[in-house]
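Chains A, B and C supply the protein sequences, listed in that same order.
1 is the number of the first residue of the first sequence in my numbering; add one for each residue after it.
372 is the number of the first residue of the second sequence in my numbering; add one for each residue after it.
730 is the number of the first residue of the third sequence in my numbering; add one for each residue after it.
Using N, Cα and C, we set each Cβ at its ideal position, and we do this for glycine too.
So the structure is just underneath, and the comments pick up after that.
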Amino acid sequence: MTQTAPRPATTARASGAPIDATNAYVSGRLPRWAAPGLTAASLGGAITVMALLAAAGAIAEFSLVLAIAIGTISAIVLVTAISLMAEGRRAATNRFMIALVISAFVLALLPLVSVLSTVVLNGSARFDLEFFTWSMRSVIGEGGGALHAIVGTLQITAWATLISVPIGLFAAIYLVEYGRGPLARAITFFVDVMTGIPSIVAGLFAYALFVLIFGEGVRMGFAGSVALSVLMIPVVVRSSEEMLKLVPDELREASYALGVPKWLTIAKVVLPTAAAGIITGITLAIARVIGETAPLLIVAGFTSSMNYNVFSERMQSLPVFVYTQYANPGTDVDFYLERAWTGALTLIIIVMALNLIARLITRLFQPRVGR
Amino acid sequence: MDTPRRLISALAVTAVLATSGCAVNELNRGDSDGPLAGTLDGAGSSAQSAAQEVWIAEIQNANGRLTVNYEPSGSGAGREAFIAGGLDFAGSDSALTAAEAEGGLGACVPGTGAINLPLYISPLAIIVNIEGVDALNLDAATTALIFRGEIRQWDDPRIQELNPTVTMPSATITAVHRSDASGTTKNFTDYLAQAAPDEWGVDAADSFPYGGESAQGNSGVVNAVTNGRNTIGYADASRAGDLTIAALKVGDEFVAYTPQAAAAVVEASPLEEGRADDDLAITIDRTIALPGTYPLVLVSYVIACREYLDPRDAELVRGYLSWVVSDEAQQVSAEFAGSAPLSPGLAARVLAAIEGIR
Amino acid sequence: MTAPAPDQAPGAALPGEIEAVERRGDRVFSRVAVGAGTAILVALAAVAVFLVAQSLPAIWAPAGSFRGTDGTFWDYVAPLAFGTVWAAAIALVIAVPLAVGIALFISHYAPRRLAQPLGYIIDLLAAVPSVVYGLWGITVLAPATVPLYEWLAENAGWFPLFAGPASGTGRTVLTVAIVLAVMVLPIITALCREVFVQTPTLHQEAAYALGATWWEMVRMTVFPYARSGIISASMLGLGRALGETMAVAMVLSPSAIISFAVLQSENPSTIAANIALNFPESAGLQVNALIATGLVLFVITLIVNSLARWIVSRHERSLESR
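Have a look at this one:
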């Protein structure tokens, strides 16, 4: 992780004597509290003005979102304008871009908070022991659980990962370490094309493939894994390729200079160095497919009972569970919706846990790099 | 191994053990000793999904060694899978046609064909969400014009005329239809095509023919109507929730939706011509002017073979479907899935057809 | 002296050169790598064959055989193709600048200790399944955008993009594009973050030593180094946006039209959403028609990716020593 030191606090005058840059009156720079202060003032001002207008009846209602939006924009404009006058064009551009970057981050938090709070609020109703120990077999209306779906999702995703990661990783190794010719160019190009396959088409393809082998009406969890791996492989290849490309050549050449064969260099030097990024990519790929409904609905099917065998018969999965509970409720719609939201919450928790585990593994097994 | 690796291994083992535990509600599957044993696979109409869940739950409780799977994959997908031979029975909002069955049916003895059994009757409702209006009367012609986009305001004189006691607001109508192809749309457009052919202008179709706001699934339409303002839509009556349901003009009076009125229409409708006696595909007559009939109804069929290649399948199908057509099962699905129970006359004919399955 | 080159033909050493020693481990490893790459191509070829075989009956079908239109297959698929590209384009226009900004914030502005937790927070967005985004879009986002759309239609309605009347439920292409942007944001951000972090410290400190401000340092050292990574990340995000099924199917209010207005009730549908909406009720030729639209999407992805690669190859300056 690169993090350069903050800028020095002193600059030199033309005569060589240092100017104290913290003194706002002589340094030609705004004091440190200027930008945060102006931002706070803008936001507060916008909220107050809007509240006053709403109270006076000039506008229909007080919208906090609108007030904050106006406050943010006026803060950015104010800071940039004042900086332009006091510090010059380069510094003003710098402040403007920093403001944009911070706003981008805050903006991304809004949908995140909204989605997560919606899921947590709606999903906590059924977050009980029954949900995690029951299936939906012979359950009418109230009650029941999603154990069959949880087991199904874990098994199907595990097999999808087992298929995708070796193929994807070795393809990335080929592209970066070995490939120079037309095969490499073709693989890179078509991997990009593969990212655009809609999930439902991947499901239809997996179904057609298994029908060829097993005959009509086949449903199995493993077919779902194959469909998901069609979606996972491009993500794994792309991200691993970028991470492997970033490993400095000096490391490879040092290893060769010591007489280490190429395959050992890749296995013991390049891969561990890129491990963190590769594991991030794999986790991204898993997160991408674990929530896919359409292919699993077609090829792994729908069932209310437990099924532990991923190679035979229908297997329920969490996204299919969530979708069917939402789309096909009975007369007591609330019971079904509650189960759907709790299923969604469970899915998010599973992905978060996988994320955490991945980062733990990275931290434990990563070689110390001097950055 | 050092401590972190040991910790991780312990956690992994725990996780594996935790997820391989049995579901609590499946631990005593073998306790109940009914005569049926085996696995039955069906798929198709999602309209029947909630009802099938309830029927399956009850029969599995009585027969511990029986497992029935019903996938709500859609009527078209269900029919295709049944024709290809991957299912024991299919659920479908439209009957299997002779043309579809022409190429042979995978699960049936060749030459014996399949039968359509009407086992699920669901009333549809026209749901509205209008500011300040609690009850609404509509007739087929006005409905057709609203959904076609020709009537655009709620205070249009044609609507006001049907509702003399209600003050309609002067607001734009937002008509919501189904964005996905469905049997609900097919039955709704069939009602408009039969009862108001000049105003509607086109034939029945499972994909809504005109433009406007649309949403996916019954849940989507109900959502859109609930969250919008001055909206109108059509959906399964059991999903209407707190929304106002319009009363439809039949003859000279306005009929509100009730399960009995819906079943009455099906009872009074003729069977499709050119089919065998045990193939009970119904052509719903939505122009019947009998009092107490509600014309906006969806009939969903279960498609089964007359003769199965495997006689054990026939026994299971017979056993399951005789349960489904029974009065008790129809009442249970009325309670939990919002369907209209089959009228006794129709139920008797269906039972006769089921008993002929070999 | 030559470096080890296992993909050179054996016995091809030029006179005067020392032939490299090829160990068995090298041979096995390189063959596995080539095998993996070929397996991907084979899988993709299989998908293409499947798509073409299933699509042909629909492409050759006479006019009037398709839902919602009286024309041939191409009249059926044209609005869908337009809608797919349009929604994905708007989504990327929203997502890519945001993602780059967020990645910059995490890698170069935030205190180092916060970088991992902040990255983790953004990755939470990727943990949400698409069904949940669909549900969130319908219940939270669409109703919230209705006042904004009405204001836009009233005040900016002269601009063709914002032509009214605004949809009363907010389930428009713009809302769908926002949902898609939120869905692809974590993918692009995570990849960009990893790439930004690898910028050589020497370059960055050299920029500071020359008196550059923070932004100038980023522009001079980080961006050129990360350009190909940003494009890669955007391509991944674009792929996701083009192929997203459930969220679009649940949130969008579709019609079979080609229109640039983003605020109205009638919006062009996307190919993936159209397949999801119509597949359950389709039989026979209609299934072939849906798979044929999937083939068209395949071709669109091919074209868009070629375009992107061509743009990148024209402007890319390689700073690496490869």
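B:Asp607 by DSSP, collapsed to three states: which one? Taking the second sequence and counting its residues from 1, one reaches residue 607 of chain B at position 236. In this structure, B:Asp607 counts as strand in the three-state DSSP scheme.
Please tell me whether C:Leu965 and C:Val913 are closer than 9 angstroms, where the distance is taken between their beta carbons. By 1-based counting over the third sequence, the position of residue 965 of chain C is 236. By 1-based counting over the third sequence, the position of residue 913 of chain C is 184. Going by C-beta atoms, C:Leu965 is nearer than 9 angstroms to C:Val913.
Tell me whether C:Val905, by its Cβ, gets closer than 8 angstroms to a heavy atom of the ligand ATP. Ligands in the displayed structure: none, and consequently the ligand ATP is not present.
Which residue from C:Pro744, C:Ile851 and C:Phe779 puts its Cα closest to that of C:Pro915? In the third sequence, residue 915 of chain C corresponds to position 186, counting from 1. Among C:Pro744, C:Ile851 and C:Phe779, the Cα nearest to that of C:Pro915 is on C:Ile851.
Can you give the Cα-Cα distance for C:Val1041 and C:Thr801, rounded to whole angstroms? The sequence position of residue 1041 of chain C within the third sequence is 312, counting from 1. The sequence position of residue 801 of chain C within the third sequence is 72, counting from 1. Roughly 37 angstroms separates the two Cα atoms.
Sequence ranges, alpha helix (DSSP H) only - wholly within the segment 191-260 of chain A, length at least 4: 199-214, 221-245 and 249-257
If you follow the alpha helix (DSSP H) that B:Asp412 is in, where does it begin and where does it stop? What you label residue 412 of chain B is simply residue 41 of the second sequence in a count that begins at 1. For B:Asp412, no alpha helix (DSSP H) encloses it; the enclosing beta strand (DSSP E) starts and ends at Gly409 to Gly415.
Using a beta-carbon distance cut-off of less than 7 angstroms, what residues from the segment 668-702 of chain B approach chain A? From the segment 668-702 of chain B, no residue has a Cβ closer than 7 angstroms to chain A.
4 or more residues per run - each alpha helix (DSSP H) lying fully within the segment 28-100 of chain A: 34-56 and 64-86
Would you kindly check if the distance between the Cβ of A:Ile290 and the Cβ of A:Leu345 is under 9 angstroms? Along the first sequence, read from residue 1 onward, the residue named residue 345 of chain A stands at position 345. Along the first sequence, read from residue 1 onward, the residue named residue 290 of chain A stands at position 290. Between A:Leu345 and A:Ile290, the C-beta spacing is not below 9 angstroms.
Return yes when the Cβ of C:Ala978 is within less than 9 angstroms of the Cβ of C:Ala1002, no when it is not. Along the third sequence, read from residue 1 onward, the residue named residue 1002 of chain C stands at position 273. Along the third sequence, read from residue 1 onward, the residue named residue 978 of chain C stands at position 249. Yes, the pair counts as a contact, with Cβ atoms nearer than the cut-off.
Should C:Ile1000 go down as buried or exposed, given a rule of 16 or more other Cβ atoms within 10 Å for buried? If you number the third sequence from 1, residue 1000 of chain C lands on position 271. Buried, since its Cβ has 16 or more Cβ neighbours within 10 Å.
Secondary structure of B:Gly462, DSSP reduced to three states: As a position in the second sequence, residue 462 of chain B is number 91, starting the count at 1. Of the three classes helix, strand and coil, the one that applies to B:Gly462 here is strand, per DSSP.
Which residue or residues does DSSP assign as beta-bridge partners of C:Phe925? Counted from its first residue, the third sequence places residue 925 of chain C at position 196. Note: C:Phe925 sits in no beta bridge, so no partner.
Please tell me whether C:Gln845 has its Cβ less than 9 angstroms away from any Cβ of chain A. To locate residue 845 of chain C, count along the third sequence from 1; it is residue 116. C:Gln845 counts as touching chain A.
Is A:Pro182 buried or exposed, if buried means 16 or more other CB atoms sit within 10 Å of its CB? Reading the first sequence from its first residue, position 182 is the one you call residue 182 of chain A. Exposed is the call here.
Where does C:Leu1048 fall in DSSP's three states? Position 319 of the third sequence, counted from the start, is the residue given in the question as residue 1048 of chain C. Low confidence applies here, because C:Leu1048 scores a pLDDT of 43, under 50, leaving its location unreliable and the question unanswered by this model.
C:Val1028 versus A:Gly196 - alpha carbon distance: Here residue 1028 of chain C refers to the residue found at position 299 when the third sequence is read from its first residue. Here residue 196 of chain A refers to the residue found at position 196 when the first sequence is read from its first residue. Whole-angstrom Cα-Cα distance: 10 angstroms.
Cβ neighbour criterion (16 or more within 10 Å) applied to A:Val113: Your numbering for residue 113 of chain A matches position 113 in the first sequence. Its Cβ having fewer than 16 others within 10 Å, A:Val113 is exposed.
Under 9 angstroms between C-beta atoms, does A:Glu292 make it to chain C? Here residue 292 of chain A refers to the residue found at position 292 when the first sequence is read from its first residue. Interface with chain C (9 angstroms Cβ-Cβ cutoff): A:Glu292 is included.
What are the boundary residues of the alpha helix (DSSP H) that includes C:Thr898? In the third sequence, counting from the first residue as 1, residue 898 of chain C sits at position 169. That residue, C:Thr898, is in no alpha helix (DSSP H); it is neither H nor E in DSSP.
How long is the line joining the alpha carbons of C:Leu854 and C:Arg1038, rounded to whole angstroms? One-based indexing of the third sequence puts residue 854 of chain C at position 125. One-based indexing of the third sequence puts residue 1038 of chain C at position 309. One C-alpha to the other measures close to 28 angstroms.
Proximal residues, the segment 595-622 of chain B versus chain C, C-beta separation under 8 angstroms: Ala595, Asn598, Gly599, Arg600, Asn601 and Thr602
State the start and end residues of the unbroken beta strand (DSSP E) segment that holds B:Thr545. Locating residue 545 of chain B in the second sequence gives position 174, counting from the first residue. First-last of the beta strand (DSSP E) with B:Thr545: Thr545 to Arg549.
List, in order along the chain, the chain C residues whose C-beta lies closer than 9 angstroms to that of B:Arg584? Counting from 1 along the second sequence, the entry for residue 584 of chain B is found at position 213. The displayed chain sequence assigns Glu, not Arg, to residue 584 of chain B. The answer, in chain order, is Ser896, Gly897, Thr898, Arg900, Ser982, Ser994 and Glu995.
Using 8 angstroms as the threshold, is the segment 918-938 of chain C in touch with the segment 304-313 of chain A, meaning 3 or more CB pairs across them? no
DSSP has B:Val668 in a bridge; who is on the other side? Start at 1 with the first residue of the second sequence, and residue 668 of chain B comes out as number 297. B:Pro494, per the DSSP bridge assignment.
Would you mind sorting A:Pro234 into buried or exposed? The rule is 16 or more other CB atoms within 10 Å of its CB. What you label residue 234 of chain A is simply residue 234 of the first sequence in a count that begins at 1. Classification for A:Pro234: buried.
Measure the alpha-carbon distance for A:Ala358 versus A:Ile150 and round it to whole angstroms. Translated into positions along the first sequence, residue 358 of chain A becomes position 358. Translated into positions along the first sequence, residue 150 of chain A becomes position 150. In a straight line, the C-alpha of A:Ala358 is about 20 angstroms away from that of A:Ile150.
What would DSSP say about A:Ala9, mapped onto helix, strand or coil? Along the first sequence, one-based indexing puts residue 9 of chain A at 9. Low per-residue confidence applies at A:Ala9: pLDDT is 49, beneath 50, and the placement is therefore not dependable, though the value from the model is reported in the following sentence. In the structure shown, A:Ala9 sits in coil (DSSP, three-state: anything other than H, G, I, E or B).
Backbone CA spacing between B:Ala788 and B:Trp571 [nearest angstrom]: Residue 788 of chain B lies beyond the stretch modelled for chain B, which goes from 372 to 729, so this question has no answer here.
Quick check on B:Val499 - is its C-beta less than 9 angstroms from some C-beta in chain C? Along the second sequence, one-based indexing puts residue 499 of chain B at 128. It does not: the Cβ of B:Val499 has no partner Cβ on chain C nearer than 9 angstroms.
Does the CB of B:Asp316 have a neighbour CB from chain A at under 9 angstroms? A query on residue 316 of chain B cannot be resolved here, the shown segment of chain B reaching from 372 to 729 and no further.
Same chain, Cβ closer than 6 angstroms to B:Ala611, neighbours up to 5 away in sequence not counted: Counting from 1 along the second sequence, the entry for residue 611 of chain B is found at position 240. Ala496 and Ile498, listed in sequence order.
Who pairs with B:Leu619 in a beta bridge, going by DSSP? Within the second sequence, residue 619 of chain B is the residue found at index 248, counting from 1. According to DSSP, which records beta bridges pairwise, B:Leu619 is partnered with B:Leu509 and B:Val626.
Contact between the segment 327-342 of chain A and the segment 242-252 of chain A (3+ Cβ pairs under 8 angstroms): no
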